[in-house]
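Those protein sequence lines, which keep their order, are chains A and B.
In terms of my numbering, the first sequence opens at residue 1 and continues consecutively.
In terms of my numbering, the second sequence opens at residue 1 and continues consecutively.
Notes for the one structure printed next.
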Amino acid sequence: MTSSTLKKWLPGLLFLSTQLVNTLYELTQDTRTLSWAPHTTQVFYRIEAFQNGAALGKQAVEARYGIAQTQWEAHAPGNLRRLIASVEAQLPGGPDSVRIAYRRNGAPERTYLWKARL
Amino acid sequence: MRHLNPFYVREKAVVPELVLAVRALAVYLLLTQEFPFNGNQGGGRFYPVIGLLARIGTDEQFNMAVRLLFLAGTGMLLFSRFVRLGALGAGLAFVMGPLSCQTCISVAHLFTGCVFLCTALSNDVTGTNLIRFQLAVLYLGADLNKISDTDWWTGASIETLLVTKHQIASYMNAASIFPPGFLSQITGIGVIVLQMSIAILLFFRKTVVYATLLALVLHLPMVLLMHMTFGPFLFALVVAYGSLLSWPPSLACDSRLHSNVLVKWLGILDFNDQISRCAGHERDSPMRWLRTALYFLPHPVILLALTVLTAAMVRYGKLLPLTILTIAAFWMYVWPQRKSAAIEPRPVS
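This is how it looks when you write it as structure tokens:
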């Protein structure tokens, strides 16, 4: 392969290699972002947010986190945890705690709890 | 000036197969309104994965910029000779979606963006090979995710997808014949084997037709069972596989087989000097029209017509006729090319 041929291949091969490396990296994480994981995981979740012990309404939860309060997430449970953490790190006026109850591929329910720092 | 004509596919920096593929994809996306921050991909920037993207302008400015990037990119790839630059704009807009909006993460949109970006990175040396390797990376990545997940080996993932989530009656009826969970386990393992086989076949140009056959076996049942096309994913797949077939620079009419009238009409819209007229004047028949449509399928006007037809069928939920049309096109046009698939596409001046 001549150097001019190599130059023409290089950008494309780097682009494809980056995808492969990122897919392998995301396999070690609990999130799926730029990963080739189409409908690999089915997560049924319910988000509840609490302020002074009282649960926020459905509309308030959905407006704050941008997703349905109870729904299917087709990527990974970690995507939900990351979303809650991002919103609470940046958006003021948040709840004291957030609880995500979820079932991954029909497995027994698990819970993730986010708590505001006092 | 002729580069303003979207049917003119010669004299570009990439091979005609890629020009036709991204142009058909752009038309489909515009017709179905499936583009970044539109339709299923959310309304705009929302807690980006990359922090830097949160600091660029207001939400309105950012969202407008992404939409304009897509529209400018598609405009450029359709109506100019700068197909790669246009594809770069459209591709970046698609990748910007999941990166700048955590609730917009979509493999369908990511793959669509990658088809554009692979075109942007292609040239006269790489031909359509980057698209071929992109498909291989897609199936390999998807398969690695499944291989490493116990739920795909036990069938729990398929069972949740088809029974609990989508409650597909035909699948549940079929599953009831077998012991509980058996069909889901077989289906899950079958998907793992199919995806790995497709990835391996795609690494060799001479076996792409066989990879396409396995891809039909993998994807079409999902379309019929789940009654969805996964946004722009399936059409992006079709144009990606389609681009791996050689585009014939010349198509000669055989007056014993083809319709003189149809070829004459196609000749009026022949901007690539691709068609040679019929010599005789045989009587027309529906069979001649079918043979003509099949033989002249690579004509840009026929490809555009099929793109519009597909968008309309998806829009009105006619997925069964669309599936039958796809199988017919494969059987009559793609499968006979299995012997000639090894030929590398070359730029056409």
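Beta carbons are placed, not taken as given, at the ideal position from N, Cα and C, and that holds for glycine.
From the options, residue whose alpha carbon lies closest to that of residue i
i, options, result
"His-281/B", "Asn-260/B, Thr-112/B, Ser-122/B and Gln-274/B", "Asn-260/B"
"Arg-205/B", "Ile-177/B, Glu-344/B, Leu-234/B and Leu-266/B", "Glu-344/B"
"Thr-2/A", "Val-125/B, Glu-60/B and Leu-88/B", "Val-125/B"
"Leu-99/B", "Asn-63/B, His-299/B and Glu-159/B", "Asn-63/B"
"Ala-116/A", "Phe-15/A, Asn-52/A and Gly-57/A", "Asn-52/A"
"Pro-232/B", "Ser-285/B, Leu-320/B, Ala-108/B and Glu-159/B", "Ala-108/B"
"Ala-305/B", "His-219/B, Val-208/B and Val-27/B", "Val-27/B"
"Met-350/B", "Pro-248/B, Thr-207/B, Phe-271/B and Tyr-171/B", "Only positions 1 to 349 of chain B appear in this structure, which leaves residue 350/B out of reach."
"Cys-114/B", "Ser-106/B, Asn-123/B, Ile-186/B and Gln-134/B", "Gln-134/B"
"Arg-315/B", "Ile-177/B, Ala-24/B, Glu-11/B and Leu-29/B", "Leu-29/B"
"Leu-161/B", "Ile-177/B, Gly-141/B, Met-332/B and Gln-185/B", "Gln-185/B"
N- and C-terminal bounds of the alpha helix (DSSP H) containing residue i
i, result
"Ser-246/B", "First-last for Ser-246/B: undefined, no H or E at that position."
"Val-352/B", "No answer is possible for residue 352/B: the residues shown for chain B start at 1 and end at 349."
"Phe-111/B", "107 to 120"
"Gln-90/A", "77 to 90"
Contact test: residue i Cβ vs the ligand GDP heavy atom, cutoff 8 Å
i, result
"Val-49/B", "Of ligands this structure carries none, so the ligand GDP is not represented either."
8 Å contact criterion, which residue i and residue j should meet: CB distance rounded
i, j, result
"Leu-257/B", "Arg-283/B", "Not confirmed; about 13 Å, so no contact."
"Lys-351/B", "Ile-192/B", "Here chain B comprises residues numbered 1 to 349, so residue 351/B is not present and cannot be evaluated."
"Glu-159/B", "Gly-106/A", "7 Å"
"Ala-87/B", "Phe-116/B", "4 Å"
"Arg-104/A", "Pro-77/A", "6 Å"
"Ala-120/B", "Gly-91/B", "6 Å"
"Gly-66/A", "Cys-118/B", "No, Gly-66/A and Cys-118/B are not in contact; Cβ-Cβ is about 31 Å, not under 8 Å."
"Val-15/B", "Gly-127/B", "5 Å"
"Leu-251/B", "Ile-268/B", "Rounded, the Cβ-Cβ distance is 14 Å, inconsistent with contact."
"Leu-25/B", "Ala-236/B", "6 Å"
"Arg-32/A", "Asn-79/A", "7 Å"
Chain-ordered neighbours of residue i on chain B, where CB pairs are closer than 8 Å
i, result
"Leu-37/A", "It is worth fixing the name first, because residue 37/A is Ala in this sequence and not Leu. Chain B residues near Ala-37/A: Val-107, Gly-141, Ala-142 and Asn-145."
"Pro-87/A", "Reading the sequence as shown, one finds Val at residue 87/A and not Pro. Within chain B, the residues near Val-87/A are Tyr-47."
"Asn-79/A", "Gln-102 and Ile-105"
"Trp-72/A", "Lys-165"
"Leu-20/A", "Val-137, Leu-140 and Gly-141"
"Leu-83/A", "Tyr-47, Gln-102 and Thr-103"
Boundaries of the beta strand (DSSP E) in which residue i is found, first to last residue
i, result
"Glu-205/A", "One cannot answer for residue 205/A here, as it falls past the ends of chain A, which runs 1 to 118."
"Ser-97/A", "97 to 104"
"Gln-51/A", "43 to 51"
Chain A residues whose Cβ lies nearer than 7 Å to that of residue i
i, result
"Ser-148/B", "Leu-27"
"Leu-98/B", "According to the sequence shown, residue 98/B is Pro rather than Leu. Neighbours of Pro-98/B on chain A, chain order: Thr-33 and Leu-34."
"Phe-204/B", "Per Cβ cutoff of 7 Å: no residues; Phe-204/B is ~16 Å from chain A at best."
"Gln-61/B", "Near Gln-61/B there are no residues of chain A at all, since even the closest Cβ is about 18 Å away, more than 7 Å."
Proximal residues of chain B, C-beta to C-beta of residue i below 7 Å
i, result
"Lys-8/A", "Asn-123, Val-125 and Thr-126"
"Asn-105/A", "Asp-151, Ala-156, Ser-157 and Thr-160"
"Arg-110/A", "Those within 7 Å of Arg-110/A in chain B number zero; the least Cβ separation is about 14 Å."
Contact set between residue i and chain A, taken where Cβ atoms lie within less than 8 Å
i, result
"Leu-194/B", "The contacting residues do not exist; Leu-194/B stays about 14 Å from chain A at best."
Partners in chain A for residue i, counting only beta-carbon separations shorter than 9 Å
i, result
"Cys-118/B", "Gly-12, Phe-15 and Leu-16"
"Phe-79/B", "Within 9 Å Cβ-Cβ: nothing; Phe-79/B doesn't reach chain A, min ~25 Å."
"Leu-297/B", "Within chain A, no residue comes near Leu-297/B; the closest Cβ sits about 28 Å away, beyond 9 Å."
Which runs of the alpha helix (DSSP H), 4 residues or longer, sit entirely within the stretch 179 to 240 of chain B? 182 to 202 and 208 to 226
Can you give, in chain order, each stretch of the beta strand (DSSP E) that sits fully within the stretch 253 to 290 of chain B and has at least 3 residues? none
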